[in-house]
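Below you'll find the structure, written out as C-alpha cells, and then a few comments.
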Amino acid sequence: MRKTHATGGCGKRITEAGKMLAEGEEKRRKELVALYRLDPNTSWETILCVQTELDRLVLVEKLNLPEDTTFPEAIRVFSEYRHAKRAARVGLPPTASWFDIARREPDWLKSIRLCS
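Heads up: the sequence shown is residues 1 to 116, going by full-length UniProt numbering.
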C-alpha cells in the first residue's frame, strides 16, 4: 500500500533547520548582550533599540549633524552623501540619477538588479 502522507522526512528536516536557526539567533543575541554590556535577560527589542541608537550617534558624529537628528534623518543624509560621492567619482553632479551613475561605472551592469 502506498503512503499518502509524509512520515517525518521533510518535517523532520524543517524542525532541525528551525532549531539551528534558533540556536544561531540565541548565539547572536548573547554576542550583542556582551558587546553592549547589557543584562543577560535583555530582550531583542531592547538590543535593537540600543544598536539603532549607537548607529545614529555614529552617523551624527561622522556627518557633523545636530545631536537631536533622528535615525531616519541621519540615514537619509548618509544616503544623499553616498550618492553624491558616487556621482562625483564618475564625473557627474550630485543630482544625477543612479542609472546615469551606474552607466559610467566600469561594471555598471553588475550594479543593476533585474527582476526575473
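In this text, a Cβ means the ideal position worked out from N, Cα and C, and glycines have one as well.
TODO: Can you give me the Cβ contacts of residue 75 inside the same chain, cut-off strictly under 8 Å, excluding the 5 residues immediately before and after it?
DONE: Taking the sequence shown and counting its residues from 1, the one referred to as residue 75 is at position 75. The residues are 59.
Open item on the list: For the alpha helix (DSSP H) containing residue 50, name the first residue and the last one.
Closed with: Position 50 of the sequence shown holds residue 50. First-last of the alpha helix (DSSP H) with residue 50: 44-62.
TODO: Would you mind sorting residue 96 into buried or exposed? The rule is 16 or more other CB atoms within 10 Å of its CB.
DONE: Residue numbering aside, residue 96 sits at position 96 when the sequence shown is read from its first letter. Answer is buried; the Cβ neighbour count reaches 16.
- [ ] Within 10 angstroms of the Cβ of residue 34, are there 16 or more other Cβ atoms? Answer buried if so, exposed if not.
- [x] Counted from its first residue, the sequence shown places residue 34 at position 34. Classification for residue 34: exposed.
- [ ] Tell me where the alpha helix (DSSP H) around residue 72 begins and ends.
- [x] For the purposes of this step, residue 72 is taken as the residue at position 72 of the sequence shown. Start and end: 71-89.
TODO: Report buried or exposed for residue 14, applying the criterion of at least 16 other Cβ atoms within 10 angstroms of its Cβ.
DONE: Numbered from its first residue, the sequence shown carries residue 14 at position 14. Flag for residue 14 reads exposed.
TODO: Just mark residue 17 as buried or exposed, buried being the case when its beta carbon has 16 or more other beta carbons within 10 Å.
DONE: Locating residue 17 in the sequence shown gives position 17, where the first residue counts as 1. Answer is exposed; the Cβ neighbour count stays below 16.
- [ ] Could you check which residue in 51, 78, 22 and 47 has the C-alpha nearest to that of residue 64?
- [x] Residue numbering aside, residue 64 sits at position 64 when the sequence shown is read from its first letter. That would be 78, whose Cα lies nearest to the Cα of residue 64.
Open item on the list: What does the alpha-carbon distance come out to for the pair residue 21 and residue 92?
Closed with: As a position in the sequence shown, residue 21 is number 21, starting the count at 1. As a position in the sequence shown, residue 92 is number 92, starting the count at 1. Their backbone Cα atoms lie some 45 Å apart in a straight line.
- [ ] Note down the Cα distance separating residue 82 from residue 73, rounded to an integer number of angstroms.
- [x] Reading the sequence shown from its first residue, position 82 is the one you call residue 82. Reading the sequence shown from its first residue, position 73 is the one you call residue 73. Rounded to the nearest angstrom, the two C-alpha atoms are 14 Å apart.
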